[in-house]
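Read the structure below first, then the notes.
Residue numbers (this note's numbering): 7 to 67.
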């Protein structure tokens, strides 16, 4: 996922379905210098992790 699109999803009022290697995640913030994002799985909201933007995919229309 491009960092610009990831930031649009974070800033959006509505929630967008995003998956990291098939697992639904919530995007919290973007680190453009490292091309990473701080995310947490929707089923483990206290488990934040930094992941590569290339592993994130937007799902749905």
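Think of the CB as a built atom: it goes at the ideal place given N, C-alpha and C, for glycine as much as any other residue.
So is residue i buried or exposed if we call it buried at 16+ other beta carbons inside 10 Å?
i          : result
residue 51 : exposed
residue 7  : buried
residue 42 : buried
Would you tell me roughly how many angstroms separate the C-alpha atoms of residue i and residue j, rounded to the nearest one?
i          : j          : result
residue 66 : residue 23 : 7 Å
residue 60 : residue 26 : 9 Å
residue 48 : residue 21 : 12 Å
In this structure, how does DSSP classify residue i when only helix, strand and coil are distinguished?
i          : result
residue 10 : helix
residue 37 : strand
residue 62 : strand
Could you say which of the options lies nearest to residue i if we only look at CA atoms?
i          : options        : result
residue 18 : 33, 60, 26, 45 : 33
residue 40 : 28, 31, 58, 30 : 58
What is the C-beta distance between residue i and residue j, in whole angstroms, given that I count them as a contact (C-beta under 8 Å)?
i          : j          : result
residue 9  : residue 38 : 5 Å
residue 46 : residue 56 : 11 Å between Cβ atoms; not a contact.
residue 12 : residue 62 : 7 Å
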